[in-house]
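Participant: For the record, in the sequence shown the residue sitting at position 64 is 64 according to this note's numbering, with numbers rising by one throughout. Quick reminder that beta carbons are idealized off the backbone N, C-alpha and C, glycines included. Take this structure first; my questions come after.
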Amino acid sequence: VTASSRALMEGALASIGKHYFKTTISDNDVERSKPDPQGYQLAAARIGVPIEDCLIIEDSITGTTAAIASGAYLLGLTHSGPLPMDEKVCHVENLIDLELSGIVELFHPLLVKN
Numbered sequence: 001v002t003a004s005s006r007a008l009m010e011g012a013l014a015s016i017g018k019h020y021f022k023t024t025i026s027d028n029d030v031e032r033s034k035p036d037p038q039g040y041q042l043a044a045a046r047i048g049v050p051i052e053d054c055l056i057i058e059d060s061i062t063g064t065t066a067a068i069a070s071g072a073y074l075l076g077l078t079h080s081g082p083l084p085m086d087e088k089v090c091h092v093e094n095l096i097d098l099e100l101s102g103i104v105e106l107f108h109p110l111l112v113k114n
């Protein structure tokens, strides 16, 4: 999910590989872009997963605002501004050396509780 145009998104995806993504959402696909959660809600609907079961990784203030409003879990990068202390929000400084197992460890207490 990006707040950028479809053309800009397609250019970026061409270099990293669109095949890695089950669906993509640009600002052209929604009536209200970030910080509104509509893009994340649409992405969850397209992949058939309840938004409450999704994990969003965000690096911008508008993106973290949208992610929190959507009801999904959020892995927010701390450079994106102050993040609320919320049971569905984890903070990391960067994604360098963070593997899937590390993300699971961050959220494990939350997942066990729910």
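In this structure, how does DSSP classify Glu93 when only helix, strand and coil are distinguished?
Facilitator: Here residue 93 corresponds to residue number 93 of the sequence shown, with the count starting at 1. Coil, per DSSP.
Participant: How big is the Cα-Cα spacing for Ile96 and Lys18?
Facilitator: As a working mapping, residue 96 is identified with position 96 in the sequence shown. As a working mapping, residue 18 is identified with position 18 in the sequence shown. C-alpha separation (whole angstroms): 22 Å.
Participant: Looking at Leu42 and Ile117, is the spacing between their C-beta atoms short of 9 Å?
Facilitator: Only positions 1 to 114 of the chain appear in the structure, and residue 117 is not among them; the question remains open.
Participant: Helix, strand or coil: which one does DSSP assign to Gly136?
Facilitator: It is not possible to answer for residue 136, since the shown part of the chain is limited to 1 through 114.
Participant: Taking 8 Å as the threshold, find out whether the region 58-76 comes into contact with the region 29-42 through three or more Cβ pairs.
Facilitator: Touching, yes.
Participant: Between Ala66 and Pro84, which are expected to be in contact by the criterion C-beta below 8 Å, what is the C-beta distance as a whole number of angstroms?
Facilitator: Here residue 66 corresponds to residue number 66 of the sequence shown, with the count starting at 1. Here residue 84 corresponds to residue number 84 of the sequence shown, with the count starting at 1. Contact doesn't hold; Cβ gap of about 13 Å is too wide.
Participant: Hey, would you say Glu93 sits closer than 9 Å to Leu77, going by beta carbons?
Facilitator: Here residue 93 refers to the residue found at position 93 when the sequence shown is read from its first residue. Here residue 77 refers to the residue found at position 77 when the sequence shown is read from its first residue. Yes; because the gap between Cβ atoms is below 9 Å, this pair is in contact.
Participant: Cα-Cα, which of Ala3, Ile51, Gly48, Asp53 is closest to Asp29?
Facilitator: In the sequence shown, counting from the first residue as 1, residue 29 sits at position 29. Nearest C-alpha to Asp29: Ala3.
Participant: Taking DSSP as the reference, what is the three-state secondary structure of Leu106?
Facilitator: Walking along the sequence shown from the start, residue 106 turns up at place 106. Here Leu106 sits in helix by DSSP.
Participant: Just verifying my parser: in three-state terms, what is the DSSP assignment at Glu58?
Facilitator: To locate residue 58, count along the sequence shown from 1; it is residue 58. Of the three classes helix, strand and coil, the one that applies to Glu58 here is strand, per DSSP.
Participant: Closer than 8 Å by C-beta to Leu13: which residues in its own chain qualify, once you throw out the five before and the five after it? Chain order, please.
Facilitator: Stepping through the sequence shown from its first residue, residue 13 is reached at position 13. So the qualifying residues of the chain are Phe21, Thr24.
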